[in-house]
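Trainee: Per my numbering, residue 493 is the first one in the sequence shown, and the count goes up by one each step.
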Amino acid sequence: IAQLLDAGVSEEGTPYIVMELVEGVPIDVYCRERQLNAASRIRLFQQIAGAIDFIHRNLIVHRDIKPANILVTAEGVPKLLDFGISRVLKPGGR
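1) Taking Cβ positions, are Leu-536 and Pro-583 nearer each other than 7 Å?
2) Looking at Pro-559: is its Cβ nearer than 7 Å to the Cβ of Ile-534?
3) Any idea if Phe-546 is buried or exposed, counting beta-carbon neighbours within 10 angstroms, 16 or more meaning buried?
4) Over the uninterrupted alpha helix (DSSP H) stretch that includes Leu-536, give me the two end residues.
5) Just verifying my parser: in three-state terms, what is the DSSP assignment at Arg-555?
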């Protein structure tokens with residue numbers, strides 16, 4: 493998950509979040525360009541699944557998971573981005 497740097501509400505009342513700049517390529521492009529085998533793709537998927545599990549346990553629903561919102565860094569680390577339409581659930585509710 494891209495690191496959260498700041499969050500708040502603007503003077504106009506608009507909520508905002510500021511996240512780290514992630515330099516990388518979309519996960520589908522990364523896999524295709526590097527011709528990753530199934531085992532390597534599964535390892536990437538497991539990391540993203542772990543990130544999704546983490547946000548769900550913290551009552552956040554991303555709502556826009558797609559290859560363009562998962563960038564893989566030069567070091568091969570997948571980062572989940574773009575929480576712009578995410579929702580925070582209330583404990584015990586929806």
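All residues carry an ideal CB built from backbone N, CA and C; glycine is no exception. Nothing here was measured: the structure is a model prediction, and the numbers come from that model.
Mentor: Considering the structure as presented:
1) no
2) In this structure, Ile-534 does not lie closer than 7 Å to Pro-559 by Cβ.
3) By the Cβ-count criterion, Phe-546 is exposed, with fewer than 16 other Cβ atoms from all chains shown falling within 10 Å of its own Cβ.
4) 530 to 549
5) coil
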